[in-house]
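Enquirer:
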Amino acid sequence: MREYTYTGLKKNDHVRILCTARSAFQADLKPARELLESWGLRVSYGKTIGAINHQFGGTTSLRITDFQDALNDEDIDAIWIARGGYGTVQIIDNVDFSAFAKADFKKLIIGYSDVTVLHSHLQSLGISSLHNFMPLEFSDKAKDCVESFKKALLGQIQEIKITNKQRLQIQEIKAPIVGGNLSILYSLLGSNSFPVADGCFLFIEDVDEYLYHIERMMYGLKRAGHLDHLKGLIVGGMSDMRDHDIPFGKNAREIITDLTSSYNFPVIFNFPAGHIKDNRSLKLGVDVHISIQKEQITFTY
Numbered sequence: 312m313r314e315y316t317y318t319g320l321k322k323n324d325h326v327r328i329l330c331t332a333r334s335a336f337q338a339d340l341k342p343a344r345e346l347l348e349s350w351g352l353r354v355s356y357g358k359t360i361g362a363i364n365h366q367f368g369g370t371t372s373l374r375i376t377d378f379q380d381a382l383n384d385e386d387i388d389a390i391w392i393a394r395g396g397y398g399t400v401q402i403i404d405n406v407d408f409s410a411f412a413k414a415d416f417k418k419l420i421i422g423y424s425d426v427t428v429l430h431s432h433l434q435s436l437g438i439s440s441l442h443n444f445m446p447l448e449f450s451d452k453a454k455d456c457v458e459s460f461k462k463a464l465l466g467q468i469q470e471i472k473i474t475n476k477q478r479l480q481i482q483e484i485k486a487p488i489v490g491g492n493l494s495i496l497y498s499l500l501g502s503n504s505f506p507v508a509d510g511c512f513l514f515i516e517d518v519d520e521y522l523y524h525i526e527r528m529m530y531g532l533k534r535a536g537h538l539d540h541l542k543g544l545i546v547g548g549m550s551d552m553r554d555h556d557i558p559f560g561k562n563a564r565e566i567i568t569d570l571t572s573s574y575n576f577p578v579i580f581n582f583p584a585g586h587i588k589d590n591r592s593l594k595l596g597v598d599v600h601i602s603i604q605k606e607q608i609t610f611t612y
């Protein structure tokens, strides 16, 4: 995997907020804008902010043009997607990444959930991006979550520690992280937007899915060979999982554990990222150092 190491934004750099999926409005984005401005950054809105086409932030054509314009604009240093939902897959095949991929400076694409479409496409090109909460969610985010965003955005090193309750084998591993929302990754199987996971940590998270869907999607990744050469699997929030009146018989953790039991790589649960209040920032496509000790697992990136 070709890796681009992001160095972070600096004072007066320009962040554009826009929609690639569902709609968003300036009034609801004000707290996030004020946060960025308090860090010394300039903020502007794309033409999709305030636009409505059914549940989307404007027509497919407008969303393509708005994202492409921001991608091509040399004055814009980062693009923060306003919200997720569904819709980014409608535009991905009509966005021209060729000039962006060749440029010495590659602006940061920020978001998660449905933005996994963009993250994965960029990972397939060897370009890093930032898995991070959306502007519309800022008011509901934990303090540690916001601090994590600041460090990631400004290029500062961060360290996240979780308890090694799984009794994973003591080891040190360094590799890039790829991945994102499991449902989106599954929908990208077989396309040129699916990231090359070989030699990487694969990160997955999901929300509001039936448990049998989780197993189906994990089988999909496994049967396609995308788990065969991982350095490790990192599992974030598996939030608000659903079941039928006749129980499936396993929770999300048990499903993932069973389907990865034949591999030698570590499967790390409870990483604080995903559809959870404490959604820490992850630099996708960039090396993370994971130190697994007897009592604690430390992530440094």
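Add 311 to a position in the sequence shown, counting from 1, and you land on the number used in the numbering used here. Built from N, CA and C at the ideal position, the CB exists for glycine as well.
Straight-line CA distance for R313 to I392?
Expert: For R313, the predicted model reports a pLDDT of 48, less than 50, meaning its position is unreliable; a value from the coordinates is still stated below. Their Cα atoms are separated by approximately 24 Å.
Enquirer: Go ahead and pull the three-state DSSP assignment for E606.
Expert: In this structure, E606 counts as coil in the three-state DSSP scheme.
Enquirer: Could you say if the stretch 501–521 and the stretch 543–551 meet the contact criterion of at least three C-beta pairs nearer than 8 Å?
Expert: Yes, the stretch 501–521 is in contact with the stretch 543–551.
Enquirer: According to DSSP, simplified to helix, strand and coil, what is S592?
Expert: S592 falls in the coil class under three-state DSSP.
Enquirer: Along the chain, where does the alpha helix (DSSP H) containing G437 start, and where does it finish?
Expert: Element bounds for G437: n/a, residue is neither H nor E.
Enquirer: Within this structure, are the beta carbons of A335 and I360 separated by less than 8 Å?
Expert: Yes. Within cutoff.
Enquirer: In the DSSP assignment, find the alpha helix (DSSP H) that holds G396 and state where it starts and stops.
Expert: Careful: G396 lies outside any alpha helix (DSSP H) and carries neither H nor E.
Enquirer: Please state whether DSSP places M312 in a helix, a strand or coil.
Expert: Low confidence applies to M312: its pLDDT is 46, below 50, so where it sits in the model is not reliable, and the reading given next is rough at best. Reduced to three states, the DSSP call for M312 is coil.
Enquirer: With a threshold of 8 Å between beta-carbons, can L441 be considered close to chain D, or not?
Expert: The structure shown contains no chain D, having only a single protein chain.
Enquirer: Among P577, P342, K418 and V406, which one has its Cα closest to the Cα of T318?
Expert: Per the Cα distances, K418.
Enquirer: I'd like to check one pair, R327 with F367: are the Cβ atoms closer than 8 Å?
Expert: No, Cβ-Cβ distance for F367 and R327 is not below 8 Å.
Enquirer: Any idea what DSSP makes of N634, helix, strand or coil?
Expert: Residue 634 is absent from the structure shown; the chain starts at 312 and stops at 612.
Enquirer: Using the Cα positions of G585 and W350, report the straight-line distance between them to the nearest angstrom.
Expert: Distance between the alpha carbons of G585 and W350 is about 24 Å.
Enquirer: Following a CB-centred definition, is Q434 positioned closer than 7 Å to any heavy atom of the ligand HEM?
Expert: Looking at this structure, you won't find the ligand HEM or any other ligand, since it has none at all.
Enquirer: Looking at the strands, I want to know which residues DSSP matches up with G491.
Expert: BP columns for G491 point to I515.
Enquirer: So who's on the other strand from L373, going by DSSP bridges?
Expert: Partner(s): none; L373 has no beta bridge.
Enquirer: What residues in its chain sit with their C-beta under 8 Å from that of R564, if we drop five residues either side in the sequence?
Expert: Result list for R564: V546, M549 and F580, in chain order.
Enquirer: Going by DSSP in three states, H430 sits in which element: helix, strand or coil?
Expert: H430: helix per DSSP, three-state reduction.
Enquirer: Out of L320, K322 and Y612, which one is the CA nearest neighbour of I468?
Expert: The option with the nearest alpha carbon to I468 is Y612.
Enquirer: Taking the straight line between their C-alpha atoms, what separation do you get for S592 and S459?
Expert: Rounded to the nearest angstrom, the two C-alpha atoms are 6 Å apart.
Enquirer: Can you tell me whether D388 is buried or exposed, with buried defined as 16 or more other CB within 10 angstroms of its CB?
Expert: Buried.
Enquirer: Would DSSP call K452 helix, strand or coil?
Expert: Coil at K452, not helix or strand.
Enquirer: For the stretch 501–509 against the stretch 555–572, are there 3 or more C-beta pairs whose distance is under 8 Å?
Expert: Short answer: they don't touch.
Enquirer: Could you tell me if I525 is buried or exposed, where buried requires 16 or more neighbouring beta carbons within 10 angstroms of its beta carbon?
Expert: Classification for I525: buried.
Enquirer: In chain order, which alpha helix (DSSP H) runs of at least 4 residues are fully inside the stretch 528–573?
Expert: DSSP runs (the alpha helix (DSSP H)) wholly in the stretch 528–573: 563–570.
Enquirer: Need the endpoints of the beta strand (DSSP E) that L346 sits in, please.
Expert: First-last for L346: Q337 to S349, but that is the alpha helix (DSSP H), not the beta strand (DSSP E).
Enquirer: Could you tell me the alpha carbon to alpha carbon distance between K321 and G466, rounded to whole angstroms?
Expert: One C-alpha to the other measures close to 9 Å.
Enquirer: Is the Cβ-Cβ distance between D425 and I495 less than 8 Å?
Expert: Cβ atoms of D425 and I495: closer than 8 Å.
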